[in-house]
Every structure is written in C-alpha cells, then in structure tokens.
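Numbering (this note's numbering), first residue to last: 102 to 242.
Here it is as structure tokens:
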C-alpha cells in the first residue's frame with residue numbers, strides 16, 4: 102500500500118516538474134505516471150521498514166504527516182541523478198524523523214502495535230497435568 106499518490110506529488114511539487122522528471126525515464130520520452138507510482142511504492146516500502154518495528158502494517162489510516170514524508174522520499178528517488186541540496190536535506194530530515202518514530206521518540210499519529218487487553222469474562226485458560234517424565238524419574242513407568 103502506498104502512503105501517497107501521484108496527485109499528492111503533483112500537489113506538493115507541481116505537475117510540470119513531475120512531468121519533467123518522469124519524461125527521461127520512459128522509452129518514448131513522454132511523461133509517465135508509472136515512473137512516479139514506482140517511486141512512491143519504493144518510498145512506501147522504505148518507510149515500512151521503519152514502521153514495522155512499532156506498528157501493525159498495512160496501516161488502516163495514513164496520517165497526513167506520513168503522506169508528506171512519502172512524497173519527500175519519492176521526490177528524492179525521482180531526482181536521483183541530480184538532487185539539489187534542498188531535496189537532499191529534506192530527505193535526510195525525513196530519515197531522521199523515521200528513525201525517531203522507530204525508536205519511539207516521535208508519534209506519527211498511528212495506532213501502536215501493542216494490543217489492547219481483551220474484554221470479557223469468558224477467557225480461555227489452559228491447564229495441564231503434571232509431566233509423565235521428569236529429570237528425577239529414571240527408567241520405565
């Protein structure tokens with residue numbers, strides 16, 4: 102599941118700039134949203150690597166902050182041949198933020214992996230008899 106869409110990228114960086122970046126990566130030289138979709142998928146997988154330690158994936162609701170971080174990483178991937186200092190700095194900030202999320206220092210607004218305690222009185226309990234063999238018993242029964 103991607104955390105952002107091509108429309109999110111266009112809203113943040115403009116359609117014209119996205120077309121300029123995707124055009125050289127196609128055989129016919131035409132802009133292609135599939136290139137942007139692949140960058141978003143790669144960015145989402147990258148983010149999942151950090152989130153998997155603390156959260157149940159896939160996320161049911163994607164917070165807007167996570168959507169923004171996905172766009173930053175995807176934009177960095179699309180600019181791989183010549184990222185500007187601003188793009189590189191934004192990418193590094195995103196990686197630092199993801200590390201803080203992974204370490205539990207920052208809350209991205211996602212439900213945590215820890216399960217809630219079960220409600221109800223009819224909970225399953227398992228009991229067993231004493232073991233047939235033990236270290237003290239030697240020989241046959």
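Backbone N, C-alpha and C define an ideal beta-carbon position, used for all residues, glycine too.
Start and end of the alpha helix (DSSP H) containing residue i?
i, result
"residue 149", "134 to 152"
"residue 126", "Careful: residue 126 lies outside any alpha helix (DSSP H) and carries neither H nor E."
"residue 168", "165 to 179"
"residue 45", "Given that the chain is displayed from residue 102 to residue 242, the structure contains no residue 45 and the question cannot be resolved."
"residue 201", "186 to 204"
"residue 114", "107 to 114"
So residue i and residue j are in contact, right, with Cβ under 8 Å, and what is the actual spacing, rounded?
i, j, result
"residue 137", "residue 110", "6 Å"
"residue 160", "residue 211", "6 Å"
"residue 171", "residue 148", "6 Å"
Taking 8 Å as the cut-off, decide whether the C-beta atoms of residue i and residue j are in contact.
i, j, result
"residue 173", "residue 191", "yes"
"residue 152", "residue 196", "no"
"residue 166", "residue 209", "yes"
"residue 129", "residue 107", "no"
"residue 205", "residue 155", "yes"
Exposed or buried, what is residue i when buried is set at 16 or more other beta-carbons lying within 10 Å of its beta-carbon?
i, result
"residue 199", "buried"
"residue 117", "exposed"
"residue 175", "buried"
"residue 193", "exposed"
"residue 234", "exposed"
"residue 123", "buried"
"residue 65", "The question about residue 65 has no answer here: the residues shown for the chain are numbered 102 through 242."
"residue 216", "With a pLDDT of 49 at residue 216, under the threshold of 50, the modelled position of this residue cannot be trusted; read the value that follows with caution. By the neighbour-count rule (16 or more Cβ atoms within 10 Å), residue 216 is not buried but exposed."
Worksheet item: Contact between the stretch 137 to 147 and the stretch 102 to 121: three or more CB pairs below 8 Å?
Response: yes
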